[in-house]
Amino acid sequence: MKQQRGFTLIELVMVIVILGILAAVAIPKFVDLKGDAAQAAVNGVAGGLSSAAAVNYAARSANAANGVAIANCTDVASALQGGLPSGHVITAAAVAAGASASCTLTYTSGTTIKTATFTAIGIV
1 MKQQRGFTLI ELVMVIVILG ILAAVAIPKF VDLKGDAAQA AVNGVAGGLS
51 SAAAVNYAAR SANAANGVAI ANCTDVASAL QGGLPSGHVI TAAAVAAGAS
101 ASCTLTYTSG TTIKTATFTA IGIV
């Protein structure tokens with residue numbers, strides 16, 4: 001009696017069908033990864049700006065010679081070490097001394113426009 005080896009044609013077709021179904025379900029999840037990555041990058045820069053504003057406020061409160069004066073959202077970029085990355089723009093808005101304000105950061109690259117908010121703390 002001869003023993004069967006390998007897979008039957010129906011088993012191979014079923015594996016191909018199952019792989020096709022998995023691919024059809026998974027592909028849409030990975031289509032917009034570039035947009036998600038751009039939004040995550042903008043959120044990271046906004047987080048850095050919030051941190052820079054808080055550290056600047058603490059340093060300037062301790063000693064007026066430290067840090068920079070912040071009276072506008074755009075002033076926070078000067079507190080960020082290395083400056084603001086290219087393509088990023090901060091919308092101008094006044095920040096009162098000792099108060100915090102919500103500021104908007106916009107990233108533009110070609111047709112991609114992403115926004116995020118950060119908190120600025122005013123100090124003279």
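Numbering of the sequence shown is given in the numbering used here, commencing with residue 1 and proceeding in unit increments. Even for Gly, the Cβ is constructed at its ideal location relative to N, Cα and C.
Look at residue 61 here: in three-state DSSP terms it is helix. Beta-bridge analysis with DSSP links residue 105 to 90, 116. In the structure shown, residue 97 falls within a strand segment according to DSSP collapsed to helix, strand and coil.
Annotation for residue 69: no alpha helix (DSSP H) segment contains it, and DSSP assigns it neither H nor E. The count of Cβ pairs closer than 8 Å, one atom from the segment 55–70 and one from the segment 115–124, reaches three, so the stretches are in contact.
Within a 10 Å sphere around the beta-carbon of residue 9 sit fewer than 16 other beta-carbons, which makes this residue exposed. Burial check for residue 5: the Cβ neighbour count within 10 Å stays below 16, so the residue is exposed.
The shortest CA-to-CA distance from residue 73 to any of 28, 90, 83, 23 is the one to 90. When DSSP states are grouped into helix, strand and coil, residue 35 belongs to the helix group. Using a Cβ-Cβ distance cut-off of 8 Å, the segment 12–20 and the segment 46–62 are not in contact, since fewer than three pairs of beta carbons, one from each stretch, lie closer than that value.
The DSSP-derived three-state label of residue 122 is strand.
About 12 Å separates the beta carbon of residue 84 from that of residue 42, a gap too long to meet the 8 Å contact definition.
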